[in-house]
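Asks:
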Amino acid sequence: MGPMSKPPRQDVDESRLEVTGPKTWAAGLPGVAVSLKRGVEQMGVGRTVTTLRLLNQREGFDCPGCAWPEPQGHRKLAEFCENGAKAVAEEATKRRVGPEFFAAHPVAELADKTDYWLGQQGRLTEPMVLRDGGTHYEPISWADAFALVADRLNGLASPDEAVFYTSGRTSNEAAFLYQLLVRSFGTNNLPDCSNMCHESSGAALSETTGIGKGSVSIDDFARADLIVVVGQNPGTNHPRMLSALEDAKKAGAKVVAVNPLPEAGLLRFKNPQNVRGVVGAGTQLADEFLQIRLGGDQALFQAVGNLLLSWDAVDREFVAGFTDGFEAYAAHVRELDWDAVDVATGLPRAQVELLARMLAGSERTIFCWAMGLTQHKHAVATIKEIANVALLRGMIGKPGAGLCPVRGHSNVQGDRTMGIWEKMPEKFLAALEAEFGVPVPRKHGYDTVDSIRAMRDGRAKVFFAVGGNFVAATPDTEVTERAMRSCDLTVQVSTKLNRSHVVHGREALILPTLGRTESDLQHTGEQFVTVEDSMSVVHRSRGRLAPASDALLSEVSIVCRLARAVLGPEHPVPWEEFEKDYDLIRDRIARVVPGCADYNARVRQPDGFVLPHAPRDAREFTGTRSGKAHFTASELTVLRVPAGRLLLQTMRSHDQYNTTIYGLDDRYRGVKDGRRVVFVSPADLDELGLRDGQYVDLVSEWPDDPTGVTERRASRFRVVSYPTAKGCAAAYFPEANPLVPLDSTAEKSGTPTSKSIVVRLEPAEGR
Ligand SMILES: Nc1nc2c(c(=O)[nH]1)N[C@H]1C(S)=C(S)[C@@H](COP(=O)(O)OP(=O)(O)OC[C@H]3O[C@@H](n4cnc5c(=O)[nH]c(N)nc54)[C@H](O)[C@@H]3O)O[C@H]1N2
Ligand SMILES: Nc1nc2c(c(=O)[nH]1)N[C@H]1C(S)=C(S)[C@@H](COP(=O)(O)OP(=O)(O)OC[C@H]3O[C@@H](n4cnc5c(=O)[nH]c(N)nc54)[C@H](O)[C@@H]3O)O[C@H]1N2
Ligand SMILES: [Mo]
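Position in the sequence shown (first residue = 1) + 172 = the working numbering.
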């Protein structure tokens with residue numbers, strides 16, 4: 173280990189924080205420099221070069237960053253972005269967290285560290301156990317660890333007292349076996365990160381198009397004439413999408429950004445892949461920027477629908493031939509309350525009309541969105557409203573057009589396809605049962621929020637996670653931490669140290685696993701795994717680096733060995749064979765999962781294969797009740813905030829991957845060396861009598877009983893005067909998670925409302 177790979181000893185010192193104001197362009201030279209710097213810090217020069225060379229190449233590994241697809245056919249030598257390179261550096265780091273580390277640091281001490289400090293310590297190397305009443309994690313053998321989990325699980329009064337979480341990094345093979353293990357054990361308690369992420373998109377799209385996935389492919393971007401990017405910050409979270417937008421613009425497309433924040437990546441992009449991008453002025457991406465209020469998108473798209481109808485800018489043929497529910501929808505939006513639209517959106521009418529005009533004039537529109545839409549009380553209704561507009565204009569199932577929820581975790585979509593869901597459809601469960609000859613429970617399980625409630629109330633006692641950082645990613649941190657601490661056993665299958673290891677049950681296990689970048693050697697030789705990107709492309713991923721430690725097991729191995737311990741050696745599923753040869757797992761996926769026939773052969777094609785999507789492929793809407801795409805009429809929700817309060821969104825900085833904090837800078841928003849900031853518009857600062865640089869506590873107010881409100885507090889945030897929409901503040905996730913009430917969830921999807929929390933800002937003690 174060179175001197176460069178020493179982790180920081182000091183925790184974050186927020187007094188060093190500097191604020192310089194927002195940038196108006198993204199990527200370019202600083203992006204290249206930052207990705208190389210982070211790589212070299214964590215991995216050294218040689219490893220940085222070999223690793224990045226394999227990133228997103230056909231014979232290499234899938235980027236553990238986001239789920240944006242690789243281009244088909246032609247890949248650039250460097251098919252990655254600054255933040256993908258950071259994600260890789262974070263995993264391929266040379267830093268290690270071994271038994272000596274745990275012997276030196278009592279858990280109580282680690283519980284005082286930030287997520288940043290914990291993550292920077294390095295890769296986990298050996299299975300560790302925290303005994304009942306213990307003060308330190310100690311080493312445990314794999315066999316003893318599995319025996320312990322099996323003993324506690326089999327000692328439960330009911331399988332429903334266990335909860336099995338998944339984050340979206342898990343491969344298709346591991347996910348398929350994991351849900352099979354959990355269902356064989358006897359429960360559907362399979363919450364996942366998707367419950368906090370695109371669940372609202374899935375719910376909305378299932379109802380309107382009959383399939384919960386997006387309807388565009390990467391090639392559609394170059395064919396579109398209009399791309400609307402709503403509630404998404406691709407410059408930070410899906411940087412390779414900027415190249416697709418740039419290509420689309422070169423081919424003549426217009427881009428509209430709808431966002432309360434003027435995100436640098438959306439406004440102007442300097443492509444590090446070409447010389448002009450590195451040194452020149454870059455490409456202006458957004459032709460129009462609609463600075464909407466938080467939660468105003470449903471109103472915007474109802475208004476757009478109203479205008480399109482009044483101008484008769486409707487694709488009559490599509491509406492008549494492929495949809496139902498049009499009359500009810502049209503009647504509803506014709507009655508639109510325009511004053512409510514003004515309040516909800518905060519947009520000038522002229523801008524709403526401009527968007528409608530652009531849509532009316534477009535032959536091929538793509539609608540992209542992410543967390544800015546999915547994490548509100550009325551998230552499902554909002555996305556259905558976008559779908560309504562797409563249906564009005566006939567924008568589904570033709571080249572260059574469609575609905576494009578841009579997924580987060582690199583395999584979150586694949587995990588769902590493989591059965592990670594607390595309420596998989598009957599067809600899937602019956603197929604699983606028939607294939608393996610094991611009984612599969614039908615009662616729906618707990619989603620993420622229900623799991624927290626069950627642990628809080630003593631109805632769930634064992635918590636098991638494949639990946640993720642449940643404690644930090646979920647809402648209502650104080651409640652969630654208490655819920656976790658009340659469990660009998662918590663188990664984390666992880667690559668890196670995080671808060672969910674140090675906020676634990678009476679007993680706790682850390683099971684270290686291989687990451688995407690590492691080679692996975694089994695009995696029949698080196699294995700590859702498969703993943704599905706945001707556009708339903710399934711392809712191989714194969715790591716090449718030597719594992720971080722000899723003691724690591726792959727996720728597949730962990731699931732197979734745990735299954736044998738829990739279910740016994742006589743269990744009809746051939747777990748031992750599956751672990752030896754992943755082709756055998758894929759043969760079963762082929763027989764159980766719709767669209768996966770001939771899986772082994774098709775994932776070996778150079779670019780993998782695309783899963784079927786009836787609306788995209790044939791304008792067939794076989795998944796809806798009527799067999800047609802479905803217009804919906806939803807009551808308009810206007811988020812009203814009491815006087816003196818703001819709506820707060822919680823979002824990502826440029827230097828984090830969810831709860832993994834890469835560094836303390838949010839370069840595009842001009843924040844350096846700190847994270848406890850709250851962005852507020854100058855007009856609101858004036859009204860509230862606050863000023864830039866002042867420190868405040870954020871206090872959320874939630875009316876959860878008829879007589880009063882419950883307050884939640886997050887202390888000491890520096891106020892940053894920032895050009896956000898009026899009335900709408902912003903702070904970073906996960907620091908702001910203590911403010912999100914557990915019961916504040918989206919209707920129909922149960923997603924925590926992390927993008928609209930009513931808060932007041934109280935001047936902090938001290939400064
Ligand atoms: N580098 C990096 N990449 C990532 C991640 C990461 O943490 N770091 N996370 C991954 C994951 S799991 C996900 S889900 C995605 C998340 O990708 P994003 O959804 O881009 O992530 P957020 O930071 O939550 O940004 C939300 C954006 O929506 C805007 N917004 C908030 N509320 C509203 C609203 O009411 N209306 C509108 N129109 N806009 C709104 C915010 O201003 C912000 O620009 O990124 C994935 N990729
Ligand atoms: N307030 C607020 N809360 C939010 C959000 C928000 O916008 N605002 N966003 C939500 C969203 S969109 C999401 S997706 C969730 C994310 O929730 P999670 O997926 O639970 O959280 P991550 O931070 O992505 O998980 C990071 C951990 O995963 C482990 N890990 C990394 N790679 C691997 C691997 O290959 N295998 C295994 N087994 N483990 C691995 C590491 O130990 C690391 O510490 O958070 C949600 N929470
Ligand atoms: Mo996500």
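Virtual Cβ for every residue (Gly too), placed ideally from N, Cα, C.
Determine the contact status of Phe473 and Val561, defining contact as a CB-CB distance below 7 angstroms.
Replies: Yes, the Cβ-Cβ distance between Phe473 and Val561 is below 7 angstroms.
Asks: May I have all residues whose beta carbon comes closer than 6 angstroms to any heavy atom of ligand 3, sorted in chain order?
Replies: In chain order, the qualifying residues are Cys365, Cys369, Gly580, His581.
Asks: Thinking C-beta only, is Gln470 closer than 7 angstroms to Ala528?
Replies: Not a contact, by the Cβ cut-off of 7 angstroms.
Asks: What does Asp496 pair with, by DSSP beta-bridge criteria?
Replies: Per DSSP, His802.
Asks: In terms of alpha-carbon separation, which member of Ala790, Asp856, Ile555, Pro684 lies closest to Met543?
Replies: Checking every option, the nearest Cα to that of Met543 belongs to Ile555.
Asks: Mind checking whether the beta-carbon of Asp629 lies closer than 6 angstroms to any heavy atom of ligand 1?
Replies: No.
Asks: With three or more beta-carbon pairs closer than 8 angstroms as the criterion, would you say the stretch 689–699 touches the stretch 648–658?
Replies: They do not touch, by the three-pair rule.
Asks: Could you tell me if the beta carbon of Thr343 falls within a distance shorter than 6 angstroms of some heavy atom in ligand 2?
Replies: For clarity, residue 343 is Ser in the given sequence; the question names Thr instead. Not under cutoff, so the answer is no.
Asks: What are the boundary residues of the beta strand (DSSP E) that includes Gln694?
Replies: 692–694 is the extent of the beta strand (DSSP E) around Gln694.
Asks: Measuring CA to CA, which of Gln523, Arg268, Lys258, Gly340 is closest to Pro411?
Replies: When each option's Cα is compared against that of Pro411, the closest is Lys258.
Asks: If you draw a straight line from the alpha carbon of Pro363 to that of Asn670, how long is it in whole angstroms?
Replies: So the alpha carbons of these two residues sit roughly 19 angstroms apart.
Asks: Strictly under 7 angstroms for the Cβ-Cβ distance: is Val891 near chain C by that measure?
Replies: No chain C appears in the structure shown, which is made up of a single protein chain.
Asks: Relative to ligand 1, is the shortest distance from any of its heavy atoms to the C-beta of Pro787 smaller than 6 angstroms?
Replies: Because no heavy atom of ligand 1 lies under 6 angstroms away, the Cβ of Pro787 does not count as near it: no.
Asks: Just the Cα atoms here: how many angstroms apart are Leu479 and Val513?
Replies: Approximately 13 angstroms, taken between the alpha carbons.
Asks: At which residue ranges does the stretch 387–437 contain complete beta strand (DSSP E) runs of 3 or more residues, listed in the order of the chain?
Replies: Entirely contained in the stretch 387–437, the beta strand (DSSP E) runs reaching 3 residues are, in chain order, 398–402, 426–430.
Asks: In or out: Ala626 buried (at least 16 other Cβ within 10 Å) or exposed?
Replies: The residue in question, Ala626, is buried, as its Cβ has 16 or more Cβ neighbours within 10 Å.
Asks: Whole angstroms are fine: how far does the CA of Gly384 sit from the CA of Leu377?
Replies: For Leu377 and Gly384, the distance between alpha carbons rounds to 5 angstroms.
Asks: Would you list the residues sitting across from Pro935 in a DSSP beta bridge?
Replies: Paired residue(s): Val868.
Asks: Please identify the residue among Thr794, Ile929, Phe793, Asp316 whose C-alpha is closest to the C-alpha of Leu734.
Replies: Measuring from the Cα of Leu734, the nearest candidate turns out to be Asp316.
Asks: Output the boundary residues of the beta strand (DSSP E) element that contains Pro613.
Replies: Note, Pro613: premise wrong, no beta strand (DSSP E); not H, not E.
Asks: Between the Cα of Val505 and those of Gly865, Glu883, Val892, Ala805, spot the shortest distance and give me the residue it belongs to.
Replies: The option with the nearest alpha carbon to Val505 is Ala805.
Asks: Hey, which unbroken runs of the alpha helix (DSSP H) at 4 residues or more fall wholly within the stretch 483–566?
Replies: Whole alpha helix (DSSP H) segments, 4+ residues: 488–494, 498–506, 510–517, 521–533, 543–546, 551–564.
Asks: According to DSSP, which residues form a beta bridge with Ile833?
Replies: Paired residues: Gln828.
Asks: Which residue comes first and which comes last in the alpha helix (DSSP H) that contains Glu859?
Replies: From DSSP, the alpha helix (DSSP H) with Glu859 extends over 854–860.
Asks: Alpha carbon to alpha carbon, how far is Glu873 from Cys659?
Replies: For Glu873 and Cys659, the distance between alpha carbons rounds to 28 angstroms.
Asks: Quick one: is the Cβ of Lys668 within less than 6 angstroms of any heavy atom of ligand 2?
Replies: For ligand 2, at least one heavy atom lies less than 6 angstroms from the Cβ of Lys668.
Asks: Is the number of C-beta pairs between the stretch 342–357 and the stretch 515–532 that are closer than 8 angstroms three or more?
Replies: Segments in contact, no.
Asks: Within 6 angstroms: the Cβ of Gly403 and any heavy atom of ligand 1?
Replies: Answer for Gly403: yes, Cβ within range of ligand 1.
Asks: From which residue to which residue does the alpha helix (DSSP H) around Glu298 run?
Replies: That residue, Glu298, is in no alpha helix (DSSP H); it is neither H nor E in DSSP.
Asks: Below 6 angstroms CB to CB, which residues in the same chain sit around Gly572 once its five sequence neighbours on both sides are set aside?
Replies: Excluding positions up to five away in sequence, the list reads Asp392, Arg395, Ala396, Arg536.
Asks: Which term fits Thr925, buried or exposed, when burial requires 16 or more other beta carbons within 10 angstroms of its beta carbon?
Replies: Result: buried.
Asks: Could you check how far apart the C-beta atoms of Ser339 and Cys365 are, in whole angstroms? I think they sit under 8 angstroms.
Replies: With a Cβ gap of about 5 angstroms, Ser339 and Cys365 count as contacting.
Asks: To the nearest angstrom, how far is it from the Cα of Gly174 to the Cα of Val217?
Replies: Any answer about Gly174 is weak, because its pLDDT of 32 lies below 50 and its placement is not dependable; what the coordinates show is given next. Straight-line Cα distance between these residues: approximately 11 angstroms.
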